[in-house]
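Notes follow the structure.
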């Protein structure tokens, strides 16, 4: 059984979003859930995002999937890398890797990307605006990581690469080794032999994302139509926006009701950036009452699913994949249970069934394919 050797409390206190960390055998008993040919097979599928990065004649080149089997035969023996996103959405064993890191909130988790690199394959020195854990699978890869700073962009490569940096970590990673890279730290990984790596990205929304989702919500729901009102004319210079007017307009933007802000954040932070592996129940097989399920039934989330609720919310509700699910007035504690558990045992299902609206929402999640029935 895989176990994480990282101490969560010590990590959060000393490294999280502060500085890089390398751990030899950061995951005990690790075994690759996929082999290179299986990863290549996923890259043939149109519903799975993938790309190949090659370096030829000192130039970087990116191709986006889906690919064909014939294309792989043209890549050669070195200087290329295949990246497949959101593997945890499709492979349960990949979701098991993600679950090792649930001491961090679900809403931060982007996806588990797997890369297969031929010798000398990599992406080049670059900086990401999100935190990442990198787990080494089969093969060996050299990783160099630097501290945050101002770095010169490499012109004309289309990959947001940088010219160079001084590493504070320079290691050869072997199977089971773990590397943490905070957002904004430069890094460069290069395969020394055919190698598989697992990258768990943890990201937060940008100001642009937050404001665009808020504005779209206000427009779609015809909300936020309050205008700025001033009891006196502060703009004594006709061509100048006074400080008082500026302050008043900024305050108007900040007066968006808390319930709307929570709705927008719940929808945004529960939404996956990649396709989920949904298999809706056929109409003839849809479940109408949780009490009709066999007594030993468990419900399980599909890979990559986020069920989110707010710590304090005036409205009883939870959020799944960008949608809001209102529930019974006294069912908010059950929303916390739904959000924190990965598997829902019979006792939890029995309690859910005592709340009519909550039960209907959970049944909807089952019938839409977000939750799957397990009677093993």
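Numbering (the numbering used here), first residue to last: 2 to 377. For every residue, glycine included, the Cβ atom is placed at its ideal position computed from N, Cα and C.
Whose C-alpha, out of 241, 354, 199, 309, is nearest the C-alpha of residue 85?
Looking at 241, 354, 199, 309, the one whose alpha-carbon comes closest to that of residue 85 is 199.
Within this structure, are the beta carbons of residue 28 and residue 136 separated by less than 8 angstroms?
Yes, the Cβ-Cβ distance between residue 28 and residue 136 is below 8 angstroms.
Looking at residue 24: is its Cβ nearer than 8 angstroms to the Cβ of residue 4?
Remark: C-beta atoms of residue 24 and residue 4 do not approach each other more closely than 8 angstroms.
What residue from 201, 195, 161, 175 has the CA that sits closest to residue 187's CA?
The shortest C-alpha separation from residue 187 is found at 161.
On the three-pair Cβ rule with 8 angstroms, is the region 282-299 touching the region 311-330?
No: the two stretches stay apart, fewer than three of their Cβ pairs being nearer than 8 angstroms.
Residue 55 vs residue 40 beta-carbon contact at 8 angstroms
No; because the gap between Cβ atoms is not below 8 angstroms, this pair is not in contact.
Check whether the region 250-259 touches the region 337-346, counting contact only when three or more Cβ pairs, one atom from each stretch, lie closer than 8 angstroms.
In the pairwise beta carbon analysis, the region 250-259 is classified as not touching the region 337-346: fewer than three pairs are separated by under 8 angstroms.
When 334, 175, 97, 11 are compared against residue 141, the one with the closest alpha-carbon
The residue with the shortest Cα to Cα distance from residue 141 is 175.
Just list the beta strand (DSSP E) runs in the region 121-209, keeping only unbroken ones of 3 residues or longer that don't cross its boundaries, in chain order.
Complete beta strand (DSSP E) runs here, min 3: 132-137, 142-147, 168-174, 179-182, 187-192, 196-203.
Among the residues of its own chain, which have a CB less than 6 angstroms from the CB of residue 182, if the five just before and after it don't count?
The residues are 21, 133, 146, 188.
For residue 321: DSSP bridge partner residues:
DSSP, once it has assigned bridges, lists 308, 324 as partnering residue 321.
Residue from 119, 351, 362 with nearest C-alpha to residue 38
When each option's Cα is compared against that of residue 38, the closest is 119.
Run through the DSSP bridge pairs and tell me what residue 85 is partnered with.
For residue 85, which the question treats as bridged, DSSP gives the partners 51, 115.
Thinking just about the alpha-carbon of each residue, which of 117, 95, 103 is nearest to the one in residue 81?
Closest by alpha carbon: 117.
Nearest-angstrom Cα distance between residue 9 and residue 261?
A direct Cα-to-Cα measurement between residue 9 and residue 261 gives close to 34 angstroms.
With a Cβ-Cβ cutoff of 8 angstroms, do residue 45 and residue 69 count as a contact?
Cβ distance < 8 angstroms, so residue 45 and residue 69 count as in contact.
To the nearest angstrom, report how far apart residue 60 and residue 335 are at their CA atoms.
Between residue 60 and residue 335, the alpha-carbon positions lie close to 54 angstroms from each other.
Using the three-state DSSP reduction, which class does residue 29 fall into: helix, strand or coil?
For residue 29, the secondary structure class from DSSP, reduced to helix, strand or coil, is strand.
So, do the region 233-249 and the region 275-295 have three or more beta carbon pairs nearer to each other than 8 angstroms?
Using a Cβ-Cβ distance cut-off of 8 angstroms, the region 233-249 and the region 275-295 are not in contact, since fewer than three pairs of beta carbons, one from each stretch, lie closer than that value.
Is the beta carbon of residue 306 sitting closer than 8 angstroms to the one on residue 322?
Cβ atoms of residue 306 and residue 322: closer than 8 angstroms.
Expressed to the nearest angstrom, what Euclidean distance is found between the alpha-carbon atoms of residue 373 and residue 33?
Answer to the nearest angstrom: the Cα atoms are 25 angstroms apart.
On the premise that residue 364 lies in contact with residue 289, defined as a C-beta separation below 8 angstroms, what is that separation, rounded to the nearest angstrom?
Between residue 289 and residue 364 the beta-carbon gap is near 7 angstroms, inside 8 angstroms, which marks them as a contact.
Are the beta-carbon atoms belonging to residue 204 and residue 109 less than 8 angstroms from one another?
Contact: yes.
Using a Cβ-Cβ cutoff of less than 6 angstroms, which residues in the same chain neighbour residue 215 once the five nearest sequence positions on both sides are dropped?
Excluding sequence neighbours, residue 215 sits near 265.
Mind checking which residues open and close the beta strand (DSSP E) that includes residue 238?
DSSP places residue 238 outside any beta strand (DSSP E), giving it a letter other than H or E.
Buried or exposed: residue 220, going by 16 or more other Cβ atoms within 10 Å of its Cβ?
Note on residue 220: under 16 other CB atoms within 10 angstroms of its CB, so exposed under the neighbour-count rule.
Can you tell me which of 246, 257, 267, 196 puts its alpha carbon nearest to the alpha carbon of residue 206?
The closest CA to that of residue 206, considering only 246, 257, 267, 196, is found on 267.
What span of residues does the beta strand (DSSP E) with residue 302 cover, start to end?
Where residue 302 is concerned, the enclosing beta strand (DSSP E) stretches over 299-302.
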